[in-house]
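To start, the structure under review is shown below, and the notes come after it.
Here's what the structure looks like:
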């Protein structure tokens, strides 16, 4: 089989296979797709990969990924710099921005506390958050970690570090839009009961 | 949202999204994975993409992808150069090589006849196959196009071009290993009946 597959093809298949969620078959399919595609598609992807590694850095205020420091969100005077939303990953920032309902700023932890994988508070940007709250005019911290054991442990850890000094809130728990009571898991339903809100006209 | 996502991140997400089977969410996931991975992973992928486009060419005999011309299979004297297996795509060569049961050579068509997509015989390497059979000591052509309308149309077209001049065979149709009669589709079952073989001890 080695005979029939040129080394540069095998190499690209191997590189694609190292990406998460891409097995050897998908990797081969992507490689053969790029072989048939115009040169600028493969080379465009290669350039984008170089760019990424050369240009991206972490914002010194919020630790989000950025090409300029401080990042455009932290240096935007129209955003409420006193309201800080704490998320696990840069991808979470995008999700919240997409709602179009948030005008504060962010703090990216780059992970969650996970003792099994050996990730403790020191591996996350929690110290930076505490320093930020102490040194800048922050009014409220909204904790928006994932709804998981790790996310909840991280939320609780941060709450213990900050409460008293500042208002600490977290995202509401409850039923998702379009969800059916019959199929809602009991933890979600319990959360929705506990966080029930007054009806308004 | 644009604010929160650096341009080089957006660009890589866009480039990944252009690959088949990769939507915007997977593209974002791959991009953020590479951001956290060691630099050499992203740069290794970039180099592999460059290599592919720089080194790969088509074999002048069999039209398979290769880094040297003729390709290692066509220039291997231990392989039976008189037996030519015709396949649609380079990936099909790998599938046949993987069986370990084929010692002949290949001819890659780079597609199948598909009038709906405007692919006729002239867009495929069929003329090259006919010339090859005429000018080289080819004994038998095994047609191994896919079992589909397009593959069968291509097989029939090639058969009409070559039969009389040379022995033309095609891969056997029948039940796959592990298949259950109850769930076999009727076309497969009909093919298996038609191609029934004498039992041997």
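Protein chains in written order, with my numbering: chain A, -3 to 197; chain B, -3 to 197. The beta carbon of each residue, even a glycine, is placed where N, CA and C say it ideally should be.
Residue i to residue j span [Cα, whole Å]
| i | j | result |
| --- | --- | --- |
| residue 59 of chain A | residue 37 of chain B | 22 Å |
| residue 136 of chain B | residue 39 of chain A | 40 Å |
| residue 70 of chain A | residue 24 of chain A | 42 Å |
| residue 241 of chain A | residue 5 of chain A | No statement about residue 241 of chain A is possible, as the shown extent of chain A runs from -3 to 197 and does not include it. |
| residue 12 of chain A | residue 33 of chain B | 14 Å |
| residue 7 of chain B | residue 156 of chain B | 49 Å |
| residue 0 of chain A | residue 50 of chain A | 36 Å |
| residue 163 of chain A | residue 175 of chain A | 31 Å |
| residue 2 of chain B | residue 41 of chain A | 16 Å |
| residue 134 of chain A | residue 75 of chain A | 13 Å |
| residue 48 of chain A | residue 173 of chain B | 47 Å |
| residue 192 of chain A | residue 182 of chain A | 15 Å |
| residue 169 of chain B | residue 65 of chain B | 34 Å |
| residue 167 of chain B | residue 154 of chain B | 14 Å |
| residue 198 of chain A | residue 73 of chain A | Outside the shown range of chain A (-3 to 197) lies residue 198 of chain A, about which nothing can therefore be said. |
| residue 79 of chain A | residue 118 of chain A | 24 Å |
| residue 93 of chain A | residue 91 of chain B | 46 Å |
| residue 125 of chain B | residue 52 of chain B | 21 Å |
Counted within 10 angstroms of its Cβ, other Cβ atoms place residue i as buried (16 or more) or exposed
| i | result |
| --- | --- |
| residue 105 of chain A | buried |
| residue 160 of chain B | exposed |
| residue 99 of chain B | exposed |
| residue 9 of chain B | buried |
| residue 111 of chain A | exposed |
| residue 199 of chain A | There is no way to answer for residue 199 of chain A, as the model of chain A reaches only from -3 to 197. |
| residue 28 of chain A | buried |
| residue 44 of chain A | buried |
| residue 158 of chain A | buried |
| residue 30 of chain B | buried |
| residue 177 of chain A | exposed |
7 Å Cβ shell around residue i - same chain, five flanking residues per side excluded
| i | result |
| --- | --- |
| residue 89 of chain B | 60, 83, 102 and 104 |
| residue 86 of chain B | 60, 61 and 104 |
| residue 55 of chain A | 62, 65, 66, 67 and 70 |
| residue 171 of chain B | 180, 184 and 188 |
First and last residue of the uninterrupted alpha helix (DSSP H) at residue i
| i | result |
| --- | --- |
| residue 22 of chain B | 20 to 32 |
| residue 141 of chain A | Note, residue 141 of chain A: premise wrong, no alpha helix (DSSP H); not H, not E. |
| residue 46 of chain A | 35 to 51 |
| residue 198 of chain A | As displayed, chain A neither begins before -3 nor continues past 197, which places residue 198 of chain A out of reach and without an answer. |
| residue 13 of chain A | 3 to 13 |
| residue 182 of chain B | 182 to 190 |
Residues of its chain near residue i, where Cβ-Cβ distance is below 8 Å and the 5 sequence neighbours each way are ignored
| i | result |
| --- | --- |
| residue 108 of chain A | 84, 115, 120, 141, 142, 144, 146, 147, 149 and 150 |
| residue 129 of chain A | 80, 137, 158, 161 and 162 |
Beta-carbon contacts of residue i that lie in its chain and below 6 Å, excluding the five residues immediately before and after
| i | result |
| --- | --- |
| residue 201 of chain A | Outside the displayed range of chain A (-3 to 197) lies residue 201 of chain A, so it cannot be described from this structure. |
| residue 18 of chain A | 12 |
| residue 57 of chain A | 66 and 70 |
| residue 77 of chain B | 101 |
Start and end residues, beta strand (DSSP E) containing residue i
| i | result |
| --- | --- |
| residue 103 of chain B | 100 to 104 |
| residue 77 of chain A | 76 to 83 |
| residue 94 of chain B | Counting along the chain, residue 94 of chain B falls outside any beta strand (DSSP E), though it belongs to the alpha helix (DSSP H) covering 86 to 95. |
| residue 163 of chain B | 163 to 166 |
Check your understanding: Using Cβ-Cβ distances below 9 Å, what residues of the stretch 11 to 31 of chain B are close to chain A?
Key -> 11, 12, 14, 15, 16, 17, 18, 22, 24, 25, 26, 27, 28, 29, 30 and 31
Point to revise | Residues in the stretch 87 to 98 of chain A having any Cβ partner in chain B nearer than 7 Å | key: Answer in chain order: 87, 89, 90, 93 and 94.
Point to revise | Positions along the stretch 36 to 58 of chain B whose CB lies within less than 7 Å of some CB in chain A | key: 37, 38, 39, 40, 41, 42, 44, 45, 46, 47, 48, 49, 51 and 52
Review point. What residues from the stretch 54 to 85 of chain A come within 9 Å of chain B, judged by C-beta to C-beta, listed N to C?
Key: Within the stretch 54 to 85 of chain A, the residues whose Cβ lies closer than 9 Å to some Cβ of chain B are 60, 61, 62, 63, 64, 67, 68, 69, 72, 75 and 85, listed in chain order.
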